[in-house]
Structures are given as structure tokens and as C-alpha cells.
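> Position 179 (the sequence shown) corresponds to 179 in full-length UniProt numbering; numbering is contiguous.
Yeah, the Cβ is synthetic: ideal placement off N, Cα and C, and Gly gets one too.
Attaching a single structure in C-alpha cells format; questions to follow.
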Amino acid sequence: MSDNQNLLAEQRRALILDEVRRRGGVRVNELTRRLNVSDMTVRRDLDALARQGVIEKVHGGAVPLVEASTHEPGFEAKSALEQGAKEDISRAAARMAAPGSAIALSGGTTTYALAQHLLDVPDLTVVTNSVRVADVFHTAQGTGSGGAPRAGAATVVLTGGVRTPSDSLVGPVADQAIRSLHFDVLFLGVHGISVEAGVSTPNLAEAETNRQFIRSARRVVVVADHTKWGTVGLSSFARLDEIDTLVTDGGLPDEARAEMAEHLPGLVVAGEDDTV
């Protein structure tokens, strides 16, 4: 980890969380040396991460929080995690959306970040089951002369459905809407990804809605930061060979990259030149 004293709290906490997950636990005195900050600062960071539900504080340090496969964090809790990685992933994934194409974005904080990078792609038709994603386009849409929509602004279709903790709309109403449509590219956020379980979510209804998205898409692009690797939710909704491309970040370990390369047609590591 960096010993830069001027790290922002958000960056510092991301580094701490990565170290906790990578090593299975850390001690406060180790973090103070590595980050070159005070004991009090580290303890405040651990308190903040514990409130987000991603670590468990123990005497003298912290360990990863082992979540049930049915646990689904809220949107705000997830949006605070791995923000730098999500930005890198979003920039790389946005290049896969061609002007004038029909795309779909599932729910999730990474697809929410991606939506903001898609605002400059003209004449998109966007289908989404994410209230947050739809709001990004609605807020940015603006109007041209006479109150008409801004030239080149996206046409957005928001599915109906039952709202989840992550502000996605799922269930039979969403499934029926998606089933009747066809997309050039689907950008799919996931709770977890592994060789054995494929891509998964803790929400059974969301799993079925995601299956409908996949069936309606010509190309499936999963956007997921490195912390999703090895996580398994209650319900799998696609095998790895049903995904065309995974866009992730440079934190993905080498062994995971090798495994992914064996099972996925395309692996894009955002911020790096190589595409496997």
C-alpha cells in the first residue's frame, strides 16, 4: 500500500479494504506504518468500513465480513466502494457503445458510473431496469429550442417492476418488458463472479430479470471490479461462456486473469493496454 500522507479518506479506505480482503485481516499498527497516518485515523477508517458492512472490527485490527449469499447491500453502501476502479471500468466499457445503437444497462453501481460516461455517445436507445441509471440520463437530457429534447440525447426506456435494495426493478413486469426487446449490447453489473458459479446475485427475482436481459442481447458485457471475483450470490444467472466480455480493473490477481482467459472470449483490464 502507498505511504502517501496526502491520500484522501476514500482512497485510504479502498486500500485498507483491499488489504483486508487480500490477506484475510490486518492490524492497526501495520496500517499506520504502511499508510503513514495516525492510529486514530486508521481506527476512524475501520469504523467507516465497518459501518458500510464490508469489514468486521476485531481487537487490534479488522477481518473481512463474511456475508450470507442472500445478503444484498443497499445502493449507497455499494456506491462508496472501489470508486476509482468503477471509473476506470466505465471509461473502457463506454467505448463499446456505438452511436445510434440500442443498449441495455442492468442495475448496479458500476452501471450507474457507466451511464455517466455514455452521456456523450449520441442517439443511443437505452433500456434499463435501474432507477438510478434512468435518472442519470433524465437529469442530463436538457432541452433544445422550443422545449424539444436536446439533439443526440438518448431515448431511455425504464422497465417497470418491484424495486430492490440496489434500486433495480425486477420481477414479472420487468421480465415481460425486456423479453419483447432486442439490444446490440447489454452492460451487466453483477454481485459476484467465479469459474464455478458464473455470475450471480443474492436476489432471486433479479437473477431471472438478468437472464431475460442476456437472452435479448446480441453481445453481453459484464462490468465488475476485482472485488467481485470469487464472490458467490444465492442465484447464478449465467455461465462464463455466456458472457462475451468482462471489463474489470487492474486489481484482478494474475491467477484470476489466467482463469478468466480460459473461460471468457474477451477480458478487458481497464487502464492497461493488454486485452486477453
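Please identify the residue among G84, D120, G25 whose C-alpha is closest to the C-alpha of T109.
Locating residue 109 in the sequence shown gives position 109, counting from the first residue. Ranking the options by Cα distance to T109, first place goes to G84.
> Would you kindly check if the distance between the Cβ of T32 and the Cβ of V42 is under 7 angstroms?
Locating residue 42 in the sequence shown gives position 42, where the first residue counts as 1. Locating residue 32 in the sequence shown gives position 32, where the first residue counts as 1. Yes.
> Any contact between the stretch 91-100 and the stretch 154-165? By contact I mean 3 or more CB pairs, one from each, below 8 angstroms.
Judged by Cβ distances under 8 angstroms, the stretch 91-100 makes no contact with the stretch 154-165, as fewer than three pairs qualify.
> Can you look up V232 in the DSSP assignment and give me helix, strand or coil?
Against the sequence shown, residue 232 aligns to sequence position 232. Correct three-state label for V232: coil.
> Three-state secondary structure (DSSP) at E255?
Numbered from 1 along the sequence shown, position 255 holds the residue referred to as residue 255. The answer is helix: DSSP assigns E255 an H, G or I state.
> Tell whether a beta-carbon distance below 7 angstroms holds between S216 and L246.
Position 216 of the sequence shown, counted from the first residue, corresponds to residue 216. Position 246 of the sequence shown, counted from the first residue, corresponds to residue 246. Cβ distance not < 7 angstroms, so S216 and L246 don't count as in contact.
> Look at the alpha carbon of G251 and the alpha carbon of G230, and state the distance between them as a whole number of angstroms.
Your numbering for residue 251 matches position 251 in the sequence shown. Your numbering for residue 230 matches position 230 in the sequence shown. About 13 angstroms.
> Please list the segments of the alpha helix (DSSP H) lying wholly inside the UniProt domain "HTH deoR-type" (9-64), counting only runs of 4 or more residues, in order along the chain.
Runs of the alpha helix (DSSP H) inside the UniProt domain "HTH deoR-type" (9-64): 9-23, 28-35, 39-51.
> Suppose you measure from the CA of L17 to the CA of I55; what does that come to, to the nearest Å?
For the purposes of this step, residue 17 is identified with residue 17 of the sequence shown, where counting begins at 1. For the purposes of this step, residue 55 is identified with residue 55 of the sequence shown, where counting begins at 1. When rounded, the distance between both Cα atoms is 8 angstroms.
> Checking 7 angstroms against the spacing of the C-beta atoms, do G171 and A205 come in under that value?
As a first step, residue 171 is located in the sequence shown; it is residue number 171 there, counting from the start. As a first step, residue 205 is located in the sequence shown; it is residue number 205 there, counting from the start. In contact: G171 and A205 (Cβ atoms closer than 7 angstroms).
> Going by beta carbon distance, what residues of the same chain come within less than 6 angstroms of G100, once the five residues before and after it are set aside?
Numbered from its first residue, the sequence shown carries residue 100 at position 100. Here the set comprises D123.
> Counting only runs that start and end within the stretch 179-237, where is the beta strand (DSSP E) found for 3 or more residues in a row?
Runs found: 185-189, 192-194, 198-201, 220-223.
> If you draw a straight line from the alpha carbon of A50 to that of V28, how long is it in whole angstroms?
For this step, residue 50 is matched to residue 50 along the sequence shown. For this step, residue 28 is matched to residue 28 along the sequence shown. Distance between the alpha carbons of A50 and V28 is about 14 angstroms.
> Are there 16 or more other CB atoms within 10 angstroms of the CB of S145, so buried, or fewer, so exposed?
Residue mapping note: residue 145 aligns to position 145 of the sequence shown, counting from 1. Residue placement at S145 is flagged as unreliable, the pLDDT there being 48, under the threshold of 50; the coordinate-derived value follows with that caveat. So S145 ends up on the exposed side.
> How would you label H226, buried or exposed, when you count the other beta carbons within 10 angstroms and need 16 or more for buried?
Taking the sequence shown and counting its residues from 1, the one referred to as residue 226 is at position 226. The residue is buried, with at least 16 neighbouring Cβ atoms inside 10 Å.
> Is the CB-CB distance between N210 and A174 below 7 angstroms?
Along the sequence shown, read from residue 1 onward, the residue named residue 210 stands at position 210. Along the sequence shown, read from residue 1 onward, the residue named residue 174 stands at position 174. It is not a contact, given that the beta carbons lie outside the stated cut-off.
> Taking V26 as the reference, give the member of S90, H263, D39, A62 with the closest Cα.
Within the sequence shown, numbered from 1, the residue matching residue 26 stands at position 26. The residue with the shortest Cα to Cα distance from V26 is A62.
> Under 7 angstroms, Cβ to Cβ, is there at least one residue of chain D near G100?
Looking at the structure shown, chain D is missing, and only one protein chain is on hand.
> Does R95 come out as helix, strand or coil in the three-state DSSP assignment?
The count along the sequence shown starts at 1 and reaches residue 95 at position 95. In this structure, R95 counts as coil in the three-state DSSP scheme.
> Leaving out the 5 sequence neighbours to the left and right, which residues in its chain are closer than 7 angstroms to V232 when beta-carbon positions are compared?
As a position in the sequence shown, residue 232 is number 232, starting the count at 1. Result list for V232: S69, G192, S194, A197, S200, in chain order.
> Can you give me the start and stop residues for the alpha helix (DSSP H) that T110 sits inside?
Reading the sequence shown from its first residue, position 110 is the one you call residue 110. Looking at the DSSP string, the run of the alpha helix (DSSP H) that includes T110 is 109-117.
> What does DSSP give as the partner residue(s) for S166 in the beta ladder?
As a working note, residue 166 is residue 166 in the sequence shown. Note: S166 sits in no beta bridge, so no partner.
> Bridge partners for V127 per DSSP, in chain order?
Your numbering for residue 127 matches position 127 in the sequence shown. According to DSSP, V127 bridges with A104, V157.
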